[in-house]
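Numbering (my numbering), first residue to last: 8 to 135.
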């Protein structure tokens with residue numbers, strides 16, 4: 008039987024009007040220390056966001072903000088100073104509570120055999 012590893016994940020949310028606390032789930036971040044894994048995957052559902060926000064949300068800006076999560080996860084210079092932190096610190100920084108258009112859910116734990124497969128499964132569940 009394959010070994011199971013502890014992983015943590017958080018859902019990426021778009022909160023167009025922070026004061027209303029309404030959100031739309033658009034992606035997920037998965038962290039697995041044992042596998043040295045930290046990745047984010049997102050999808051910008053333009054039609055749903057337009058129905059949700061009208062024309063009040065700049066989708067180009069939103070996409071850039073979400074791409075910054077991916078860059079930080081990769082941990083290269085393109086991720087800026089946060090991207091240079093150790094894996095666990097990057098995950099904690101990405102999932103810290105913030106009051107902006109892009110937020111994360113509380114962190115949830117689980118067990119997985121393969122973190123990349125888990126990321127794909129969680130992402131698929133979100134975009135259904």
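Glycine is no exception: its CB is placed at the ideal position from the N, C-alpha and C atoms.
Since this is a predicted model, take the numbers as computed values, not measurements.
Beta-carbon gap between residue 123 and residue 44 smaller than 8 Å: yes
Between residue 26 and residue 125, what straight-line distance do the alpha-carbon atoms span, to the nearest angstrom? Going by the C-alpha atoms only, they are around 33 Å apart.
Report yes or no: do the stretch 74-84 and the stretch 29-46 share at least 3 C-beta pairs separated by less than 8 Å? yes
Using three-state DSSP, classify residue 46 as helix, strand or coil. The DSSP-derived three-state label of residue 46 is strand.
Buried or exposed: where does residue 102 fall if 16 or more other Cβ atoms within 10 Å of its Cβ makes it buried? buried
According to DSSP, simplified to helix, strand and coil, what is residue 125? Here residue 125 sits in helix by DSSP.
Out of 11, 46 and 8, state which residue places its alpha-carbon closest to the alpha-carbon of residue 17. 46
Do residue 19 and residue 76 have their CB atoms nearer than 8 Å? yes
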